[in-house]
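Following: one structure in structure tokens, then a few remarks.
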Amino acid sequence: MDILPELIARRARCGIAADPLPVEQVQRLLCAATLAPSCGNTQPWRIVVVTGERLPAVRQALSEGNSWATRAPLIIVMATKPSLDMRLEAGRDYAYFDLGMAALALMLQATREGLYAHPIAGYTPSKVAKAAGLPEDFVPLNLIIVGKPGDDALLNEGQRSREHGPRQRKALEEIAFSDSWEKAWGTRDLGDLLSRQGLLQP
Ligand SMILES: Cc1cc2nc3c(=O)[nH]c(=O)nc-3n(C[C@H](O)[C@H](O)[C@H](O)COP(=O)(O)O)c2cc1C
Numbered sequence: 007m008d009i010l011p012e013l014i015a016r017r018a019r020c021g022i023a024a025d026p027l028p029v030e031q032v033q034r035l036l037c038a039a040t041l042a043p044s045c046g047n048t049q050p051w052r053i054v055v056v057t058g059e060r061l062p063a064v065r066q067a068l069s070e071g072n073s074w075a076t077r078a079p080l081i082i083v084m085a086t087k088p089s090l091d092m093r094l095e096a097g098r099d100y101a102y103f104d105l106g107m108a109a110l111a112l113m114l115q116a117t118r119e120g121l122y123a124h125p126i127a128g129y130t131p132s133k134v135a136k137a138a139g140l141p142e143d144f145v146p147l148n149l150i151i152v153g154k155p156g157d158d159a160l161l162n163e164g165q166r167s168r169e170h171g172p173r174q175r176k177a178l179e180e181i182a183f184s185d186s187w188e189k190a191w192g193t194r195d196l197g198d199l200l201s202r203q204g205l206l207q208p
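Counting from 7, one number per residue, gives the positions in the sequence shown under our numbering.
Written out as structure tokens, the structure reads:
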């Protein structure tokens with residue numbers, strides 16, 4: 007059994023083409039997002055699809071390091087607020103967690119359709135909120151920059167090697183535990199599955 011192909015194929019790529027996307031395709035991305043699970047089925051995600059008159063204002067909100075994203079024909083604003091979701095004891099506010107799952111569902115669908123879908127946090131949130139017309143108490147937690155694969159020649163060296171090189175991931179024994187925190191997962195067959203597939207740097 008292999009890792010799901012869309013999980014392997016998805017990368018945070020910057021070489022996005024400017025071509026507009028058909029509205030049916032954008033609709034499928036939204037459907038995928040709404041199929042994500044949420045705590046008590048609260049569905050706290052609010053998603054602003056920016057392709058038109060507000061696109062220049064959202065582009066202006068991007069940090070300098072994300073100027074590559076100004077080429078994209080579609081910027082998706084993933085927004086929520088804690089009161090839209092379950093808020094349980096011990097700091098368990100589920101709005102951001104559930105929004106993240108919707109974002110991943112959207113990105114996997116985009117990957118399946120051969121698109122690049124790159125999540126970013128590098129922008130001025132107040133500018134994005136204003137451009138996208140969010141109500142005051144909503145947090146624009148993440149933008150997803152979406153488009154067809156474009157010309158890699160537009161990338162700088164760092165971007166090119168980051169998105170085409172092997173992935174950088176912590177080893178499973180660093181982030182997973184067996185029964186209890188004191189016992190690291192250890193290097194079992196599963197532990198080095200990804201490096202054996204050549205998906206991670208050894
Ligand atoms: C919440 C979040 C914020 C991110 N912000 C940025 C960003 O501002 N600019 C950028 O180029 N990439 C950003 N990324 C992409 C990550 O750098 C990337 O996912 C990570 O390096 C792993 O690479 P991969 O997605 O290709 O596996 C962000 C990813 C997430 C999930």
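Glycine included, every Cβ here is placed at the ideal spot set by N, Cα and C.
Taking 7 Å as the cut-off, does the CB of residue i come closer than this to any heavy atom belonging to ligand 2?
{"i": "G128", "result": "What this structure holds is ligand 1, not ligand 2."}
Leaving out five residues on either side along the sequence, give the residues of the same chain with a beta carbon under 6 Å from the beta carbon of residue i.
{"i": "A18", "result": "H124"}
{"i": "A101", "result": "P50, T86, P88, L90, D91"}
{"i": "P26", "result": "P79"}
{"i": "R118", "result": "E12"}
{"i": "L112", "result": "L35, A38, A39"}
{"i": "L218", "result": "Lying outside 7 to 208, the shown extent of the chain, residue 218 is not represented and no answer is given."}
Just to confirm before moving on: does the CB-CB distance between residue i and residue j stay below 8 Å?
{"i": "R77", "j": "A24", "result": "yes"}
{"i": "A85", "j": "V54", "result": "yes"}
{"i": "E163", "j": "C20", "result": "no"}
{"i": "Y129", "j": "A67", "result": "yes"}
{"i": "G153", "j": "Y122", "result": "yes"}
{"i": "L35", "j": "A116", "result": "yes"}
{"i": "T57", "j": "P88", "result": "no"}
{"i": "I126", "j": "L161", "result": "no"}
{"i": "A138", "j": "P146", "result": "yes"}
What's the call for residue i, buried or exposed, on a 16-neighbour Cβ count within 10 Å?
{"i": "V83", "result": "buried"}
{"i": "D8", "result": "exposed"}
{"i": "I22", "result": "buried"}
{"i": "P50", "result": "buried"}
{"i": "I81", "result": "buried"}
{"i": "P208", "result": "Residue placement at P208 is flagged as unreliable, the pLDDT there being 47, under the threshold of 50; a coordinate-derived value is accordingly withheld."}
{"i": "L10", "result": "exposed"}
{"i": "S44", "result": "buried"}
Have a look at residue i and residue j and give me their C-alpha separation to the nearest angstrom.
{"i": "K136", "j": "L105", "result": "20 Å"}
{"i": "D185", "j": "N72", "result": "41 Å"}
{"i": "G197", "j": "A15", "result": "Note that G197 scores 47 on pLDDT, short of 50, meaning its location in the model is unreliable; the coordinates nonetheless yield the value given after this. G197 and A15: Cα-Cα distance of roughly 20 Å."}
{"i": "R52", "j": "R60", "result": "17 Å"}
{"i": "E95", "j": "A177", "result": "31 Å"}
{"i": "V32", "j": "M107", "result": "18 Å"}
{"i": "D99", "j": "E70", "result": "31 Å"}
{"i": "V29", "j": "L110", "result": "20 Å"}
{"i": "P155", "j": "K133", "result": "27 Å"}
{"i": "L140", "j": "E188", "result": "44 Å"}
{"i": "T48", "j": "P131", "result": "24 Å"}
{"i": "G97", "j": "Q165", "result": "36 Å"}
{"i": "S167", "j": "Q174", "result": "12 Å"}
{"i": "E142", "j": "F103", "result": "21 Å"}
Take residue i and list the residues in its own chain whose beta-carbon comes closer than 8 Å to its own, dropping the five residues that flank it on each side.
{"i": "G192", "result": "E179, S184"}
{"i": "A75", "result": "C20, I22, R65, L68, I81, H124, I126, L149, I151"}
{"i": "F144", "result": "R52, A85, T86, K87, A135"}
{"i": "D157", "result": "G21, A23"}
{"i": "G120", "result": "K154, P155"}
Can you give me the Cβ contacts of residue i inside the same chain, cut-off strictly under 7 Å, excluding the 5 residues immediately before and after it?
{"i": "A182", "result": "W191"}
{"i": "R93", "result": "D99"}
If you measure from the beta carbon of residue i to each beta carbon in chain C, is any gap under 8 Å?
{"i": "S132", "result": "This model lacks chain C altogether; it includes just one protein chain."}
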